[in-house]
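Residue numbers (the working numbering), protein chains in the order written: chain S, 123 to 890; chain A, -15 to 254. For glycine and all other residues, C-beta sits at the position ideal for the given N, C-alpha and C. First up is the structure itself, then whatever we jot down about it.
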């Protein structure tokens, strides 16, 4: 290809940007020697990369002539897809690194059975939740560890050459981390203390334990190793199949084992590790001169051991190693086994603290509710004693004791026994639910801090208990943000978790809008109600059926007469009652972009008012959301009405409060509505979008990209069994709507003022 | 009397069905029978509701007439209707009428699947009146003391739309069924599936794992019935992994991710 042709094509592809001539010349020069086919394939990638990062695109063009010596042309587009994924995940540097490293990073790996966590995450999560019976989470991390709520896994595994083996390794990691959690490896309480004191402030006892040794790191690694052996034993019983499959796997290579400069302690541990892996731990420990370890091993195979035994064994090992401490290197830790991961007590502590606070808050809330429901005199008495306590010098916290009803103590019924609590010598009987909550809290954290009860009494006294949980603030978020993928047509792939959707409450606004609309359209509303009433579930009789509730006399007479006349008589002699139930769920998505300001917005609001009035008559399930936002990180959905919410004053006010906001990123809104509709079990599921223009956002979400993403979101909806429909007032709608919704699935309303009248009509035609 | 010629003896259960009581449900049901009270059985699918009814019918020595309810079930399907036979209108008793006449046990399985207006027909039978009006014949049937009405439903998966009306609910003695305790379930799978105890134990463990997935996308975990079916396949020589796949994993879901995860559990257990 000659240079001017290449040059022209390049400028065309990157338009409207106009890069410098000399830079382009430098970039394109190597391509003069390449074949046409190569040039075309490479140039096809430019529109996918350029809008995302120009410097990445330049780098890409520079590197390609070299890369193509290794990379087959057919794999180019999938390679580019991965580069862009890296860019979006970790930024420019990571993408550039990945791009340069095509040989080991992409080529070798792609045939080495690599498993990406993202691809198997759903499967692994379901697996571990089923196995563990609790809501554990999985997240990618730079190391394997768990904080007892989330298990962190490597983002990819390529240890073995078969992908099935790598998946097995993932499962093995999960199983071991679960075993630690289930065995209480991290949360071992002080074996000597009578009452385990675990509070939001106090740290885990294990920290104290490790710190009591001259080499805490060594003690920690010993303990963790013993716990791993214990976990393996536990898993052999719980998941024998998995452990058998593991035994068949090729042996792990132990990194660092060949290092000659390691300290004697590390040598001991890595020796144990390798013996553990090749199954010769038994012999090692039989010849072990430490009786504690021999005993540990014997009991591990027999009646089983617990965390306390591991602690004792660690003490013995450390004591035996103490003599070596003077000589050799300082112990600096060893590389843990891959499935073993790391022990991170600080993470466990953080989670523990959060749980304590969260559950404490819930407990205080329900206690306050319970106390507030007590007889007034008793509550006042409690409040008085609480005040005295505060004013007095003795102790800051209330005296709290939990008492089992003495009749039940020590019997089998003890766990179900009613619970009494005394607060400052005042006895309070707890309801079953609260008692259960108190019991759970006590079981998990070991005690019930008195200040919880103080604050519960306080809240109950303020009469605020029922509202102790603050409601969502006006304009605030209603639930945690949700991420949705976005379709990038240039790369024919999704941008993962690209858009962040937040559900928001509309600002509180009282207006006479609804009343005005209803009086303005008084006649229309009545007519609509009547029309929609006609569409309600209609029972009708079907005559001349083969089978039914009653005899169809007309048919019978006819049939008998036919018989007498020598004609074949019909056997369709029954009447059947047919009931066609409307089973429809519909989501209305309302465009709240700033272009709807003024009378367009008013028309949309008026149509919504009429629509809801009509729908209430009909009894179809419906939800209404407004959508707007700016950039992918702030796609906002405004809650107007949920499916199960009754139509009432709050909903009407919210319709009145609809106002123009920012941009129109349609894809995420449609995807969220799809997920809402997918949860309903209605036979007909409709998604009606009400808009005034093309999808468009502040960033590069415009033009073809926006249309293609919206189209893909609609395709996803259709695949989920949802019928999308669009009502638009955009005069240019015909240009793109055919492509988006298909020719019959949208309607263009010419005159905005007619929209309020047209909309219920459109709905009626759609659903009957 | 058109209906009277249906041989009731076919509905009599002669052989003692295997049933392992989970609690005092058998005693309660017998007491309800003596007092003429109707029964409401609720619980997940495949946990033994129908088997319990068979056992009860055998114990009480009454015929058991089972009606599987569906959303097209009409009042006539239960009470009866006129048919045309050789130019004559002949009355045909429905299963409910038949049971009332014969003093049998009428068991309406999955009663919430029936339309609400159909369910109302059992109201006069289910309270102290114990009578069944047959409007079309102008007849009022009084149930004999041997007659018993029982209905079942699964509160787990049905939607809110298909809930029992309070006026229906509040006529019944309700027995709640759930999957048996681990040991009991192992006994049941051993007995019914004809398995070794350790294999049965692993099967039950698998079922418990799938039941843990209730909030992770599986509407209902593997039932005892599925385990028994898997056991029968294993007993017939199908290898354990395959039997689990076809009898436990595949019937649970169509979602490939879920299937892979449950299959992983099978692989981890056996």
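Problem - Uninterrupted alpha helix (DSSP H) stretches inside the stretch 788 to 858 of chain S (no shorter than 4 residues) - result: 788 to 801, 825 to 841
Exercise for the section: Compare the C-alpha of residue 419 of chain S against each of S:570, S:352, S:146 and name the closest. Expected result: For the residues S:570, S:352, S:146, the minimum Cα distance to residue 419 of chain S belongs to S:352.
Practice task
Compute the Euclidean distance between the alpha carbons of residue 39 of chain A and residue 179 of chain A, then round it to the nearest angstrom.
Solution key: 22 Å
Handout entry: Within-8 Å CB hit, residue 865 of chain S to chain A
Key = Taking Cβ atoms only, chain A never reaches closer than 8 Å to residue 865 of chain S, which makes this a no.
Practice task
For residue 349 of chain S, name the three-state secondary structure that DSSP assigns.
Solution key: helix
Handout entry: Coil, strand or helix - residue 761 of chain S by DSSP
Key = strand
Practice task
Rank A:58, A:194, A:231, A:44 by C-alpha distance to the C-alpha of residue 15 of chain A and give the top, closest one.
Solution key: A:44
Handout entry: Neighbour-count burial assignment, residue 246 of chain A, 16 or more Cβ in a 10 Å radius
Key = buried
Practice task
For residue 586 of chain S, collect the residues of the same chain with a Cβ closer than 6 Å to its Cβ; drop the 5 residues on either side in sequence, then sort them by chain order.
Solution key: Low confidence applies to residue 586 of chain S: its pLDDT is 43, below 50, so where it sits in the model is not reliable enough to give any reading.
Practice task
Give, in chain order, every residue of the stretch 38 to 61 of chain A whose Cβ lies closer than 8 Å to some Cβ of chain S.
Solution key: Taking 8 Å as the Cβ-Cβ cut-off against chain S, the residues of the stretch 38 to 61 of chain A that qualify are 58, 59, 60.
Practice task
Leaving aside the five residues before and after residue 219 of chain A along the sequence, list all residues of the same chain whose C-beta is less than 6 Å from its C-beta, in chain order.
Solution key: 178
Exercise for the section: Answer with yes or no whether the minimum CB distance from residue 73 of chain A to chain S is below 8 Å. Expected result: Chain S, which has a Cβ nearer than 8 Å to the Cβ of residue 73 of chain A, makes this yes.
Practice task
Please determine if the stretch 163 to 178 of chain S and the stretch 207 to 222 of chain S are in contact, where contact requires at least 3 C-beta pairs separated by less than 8 Å.
Solution key: yes
Problem - Cβ distance (whole Å) where residue 789 of chain S is taken to contact residue 831 of chain S below 8 Å - result: About 4 Å; that satisfies the 8 Å criterion.
Exercise for the section: Going by DSSP, name the residue or residues bridged to residue 90 of chain A. Expected result: A:49, A:133
Practice task
Grab me the residues of residue 518 of chain S's own chain with a C-beta within less than 6 Å of its C-beta, minus the 5 sequence neighbours each way, in chain order.
Solution key: Low per-residue confidence applies at residue 518 of chain S: pLDDT is 47, beneath 50, and the placement is therefore not dependable enough to give any value.
Exercise for the section: For residue 774 of chain S, count neighbouring Cβ atoms within 10 angstroms of its own Cβ and tell me buried if that reaches 16, exposed if not. Expected result: buried
Problem - Interface partners of residue 796 of chain S on chain A, CB under 7 Å - result: The contacting residues do not exist; residue 796 of chain S stays about 17 Å from chain A at best.
Exercise for the section: Can you give me the start and stop residues for the alpha helix (DSSP H) that residue 151 of chain A sits inside? Expected result: 150 to 153
Exercise for the section: Helix, strand or coil for residue 748 of chain S, going by three-state DSSP, please let me know. Expected result: DSSP places residue 748 of chain S in strand when its eight states are reduced to three.
Practice task
Spatial neighbours of residue 86 of chain A within its chain, please: CB distance less than 7 Å, with the 5 preceding and 5 following residues excluded, ordered by chain position.
Solution key: Answer for residue 86 of chain A: -8, 47, listed in chain order.
Practice task
Could you tell me how far apart the beta carbons of residue -5 of chain A and residue 68 of chain A are, in whole angstroms, since I believe they sit closer than 8 Å?
Solution key: In fact, because the Cβ distance is near 27 Å, the residues do not count as touching under 8 Å.
Practice task
Pull up the distance between the alpha-carbon of residue 486 of chain S and that of residue 612 of chain S, whole angstroms please.
Solution key: 54 Å
Exercise for the section: Could you tell me whether the Cβ of residue 298 of chain S comes closer than 8 Å to any Cβ of chain A? Expected result: no
Problem - Any C-beta of chain A under 8 Å from that of residue 673 of chain S - result: yes
Problem - the stretch 670 to 687 of chain S in contact with the stretch 749 to 767 of chain S per 3-pair CB rule at 8 Å - result: Verdict: no, contact absent.
Problem - Distance CB(residue 110 of chain A)-CB(residue 153 of chain A) smaller than 8 Å - result: no
Exercise for the section: Output yes if chain S places a C-beta closer than 8 Å to the C-beta of residue 98 of chain A; else output no. Expected result: no
Problem - residue 869 of chain S vs residue 849 of chain S beta-carbon contact at 8 Å - result: yes
Problem - Below-8 Å beta-carbon distance, residue 755 of chain S vs any chain A residue - result: Output row for residue 755 of chain S: interface = no.
Problem - Neighbourhood of residue 616 of chain S by C-beta distance below 8 Å, restricted to the same chain and skipping five residues each side - result: 607, 608, 609, 610
Handout entry: Any C-beta of chain S under 8 Å from that of residue 199 of chain A
Key = yes
Handout entry: Start-end ranges of the beta strand (DSSP E) lying completely within the stretch 599 to 682 of chain S, minimum 3 residues
Key = 604 to 610, 615 to 627, 660 to 667
Exercise for the section: Determine the contact status of residue 722 of chain S and residue 866 of chain S, defining contact as a CB-CB distance below 8 Å. Expected result: no
Problem - residue 249 of chain A versus residue 274 of chain S: straight-line alpha-carbon distance, rounded - result: When rounded, the distance between both Cα atoms is 20 Å.
Problem - Chain-ordered chain S contacts of residue 245 of chain A [CB-CB under 7 Å] - result: 245, 248, 249, 252
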